[in-house]
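In this text, residue positions in the sequence shown follow the working numbering: the first is 33, and each later residue adds one.
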Amino acid sequence: MSLAKVCITYRLEFFTPVHVGAGTGGRGFLDKYLYRERDYHQKKDYPIIPGSTIKGRLRAAVTALARAQVYGPEEACRETEDCPCLVCLIFGQKGNRRGHLYFEDARPTYNDIDRLVGVRPGIAMDRYRRVARDNALYTVETVGGKNVVFQGQIWGWVPEEKRQTVVAALKDAFAFNYALGFGKSRGLGWFRVQVVEEGSGKCGTP
């Protein structure tokens, strides 16, 4: 089987602050903290969007598109161990079968990103009574706002005959998404995306 390399660069340009977190509680008084990566050269942490978050959002979109037979009936997932569908090829299956593509973390293109970190308060609502819940004030760490860009790459090797379909599916999946992270319904994490197919030497190993 002949393999071909897929190499995609994506840029998420945010309209509103975003929160992609590392769980609740943590280093201080906030309820939700940003996911951060340690920069050992500058001896500080900075916010990133984990590749697993990007992968999860894209998987949900590609799964929905494949079920709708956008890429043909043969690409609908059969959920078997040897399933050759598009979803299993790109993202892998539960258990030990890995996908063919690697999803890098998305990192900010703005060097002084810490200046754009802020705290946003919120109140949880009781949907039945339509009032604020008791003792439901929370605080969320957010980053960015208008025109803040996070950039990452997706790359790997796929069967040559499926390469164009894989690239098309990833582009469609990005177009399927408009927001990510916590508080999407409250206006957080809204973005537009630019997806560029790169030459094989522009990402990952040759």
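The beta-carbon is built from N, C-alpha and C at its ideal position, and this holds for glycine as well.
Along the alpha helix (DSSP H) that carries residue i, what are the first and last residues, could you check?
{"i": "Thr41", "result": "It is not in any alpha helix (DSSP H) - Thr41 instead sits in the beta strand (DSSP E) that spans 35-46."}
{"i": "Gly83", "result": "83-99"}
{"i": "Gln196", "result": "195-208"}
Considering only residues of the same chain and omitting the five flanking positions on each side of residue i, which have a CB-CB separation below 6 Å?
{"i": "Gly57", "result": "For Gly57, the pLDDT reaches just 49, beneath the cut-off of 50, and the residue's location in the model is therefore unreliable, leaving the point undetermined."}
{"i": "Phe123", "result": "Arg91, Gly131"}
{"i": "Ala156", "result": "Arg165, Ala168"}
{"i": "Ala211", "result": "Gly221, Trp222"}
{"i": "Phe182", "result": "Leu44, Ile81, Ala138, Pro140"}
{"i": "Leu62", "result": "Thr171, Glu173"}
{"i": "Leu121", "result": "His132"}
{"i": "Met33", "result": "Pro191"}
{"i": "Ile186", "result": "Ile40, Leu133, Phe135"}
Which term fits residue i, buried or exposed, when burial requires 16 or more other beta carbons within 10 angstroms of its beta carbon?
{"i": "Ala96", "result": "exposed"}
{"i": "Val172", "result": "buried"}
{"i": "Ala205", "result": "buried"}
{"i": "Pro105", "result": "exposed"}
{"i": "Ile80", "result": "buried"}
{"i": "Ala201", "result": "buried"}
{"i": "Glu107", "result": "buried"}
{"i": "Gly150", "result": "exposed"}
{"i": "Gly184", "result": "buried"}
{"i": "Val94", "result": "buried"}
{"i": "Gly127", "result": "exposed"}
{"i": "Ala207", "result": "exposed"}
{"i": "Ala98", "result": "buried"}
{"i": "Tyr160", "result": "exposed"}
{"i": "Val163", "result": "exposed"}
In the DSSP output, what is residue i paired with across the bridge?
{"i": "Gly131", "result": "In the DSSP output, where bridge partners are listed per residue, Gly131 has none listed."}
{"i": "Phe123", "result": "Phe123 pairs with nothing; no bridge assigned."}
{"i": "Tyr78", "result": "Glu69"}
{"i": "Thr171", "result": "Pro153"}
{"i": "Ala164", "result": "Met157"}
{"i": "Phe182", "result": "Leu44, Pro140"}
{"i": "Pro116", "result": "Bridge partners of Pro116: none, in fact."}
{"i": "Pro191", "result": "Leu35"}
{"i": "Gly53", "result": "Leu66"}
Please list, in chain order, all residues of the same chain as residue i whose beta carbon is under 7 Å from its beta carbon, the five residues on each side excluded.
{"i": "Lys87", "result": "Phe123, Phe135"}
{"i": "Tyr48", "result": "In the sequence on display, residue 48 carries Thr and not Tyr. Gly177, Gly219, Leu220, Gly221, Trp222, listed in sequence order."}
{"i": "Ile145", "result": "Tyr78, Pro79, Val175"}
{"i": "Arg89", "result": "Asn209, Leu212"}
Along the chain, where does the beta strand (DSSP E) containing residue i start, and where does it finish?
{"i": "Ile145", "result": "That residue, Ile145, is in no beta strand (DSSP E); it is neither H nor E in DSSP."}
{"i": "Asp63", "result": "Careful: Asp63 lies outside any beta strand (DSSP E) and carries neither H nor E."}
{"i": "Phe223", "result": "223-229"}
Tell me which residues share the same chain as residue i and place their Cβ nearer than 8 Å to its Cβ, disregarding the 5 neighbours each side in the sequence.
{"i": "Ala54", "result": "Tyr65, Leu66, Tyr67, Arg68"}
{"i": "Gly231", "result": "Cys39"}
{"i": "His51", "result": "Lys64, Leu66, Arg152, Val172, Glu173, Thr174, Val175, Gly213, Phe214, Gly215, Leu220, Gly221"}
{"i": "Val199", "result": "Val38, Ile40, Glu229"}
{"i": "Arg129", "result": "Glu113, Cys120"}
Would you please verify whether the beta carbon of residue i is less than 8 Å from any beta carbon of chain C?
{"i": "Arg139", "result": "Of the chains in the structure shown, none is chain C; there is only one protein chain."}
* Contact the segment 34-41 vs the segment 193-209: 3+ CB pairs below 8 Å -> yes
Sufficient close CB pairs (3 or more, under 8 Å) joining the segment 68-85 to the segment 137-151
yes
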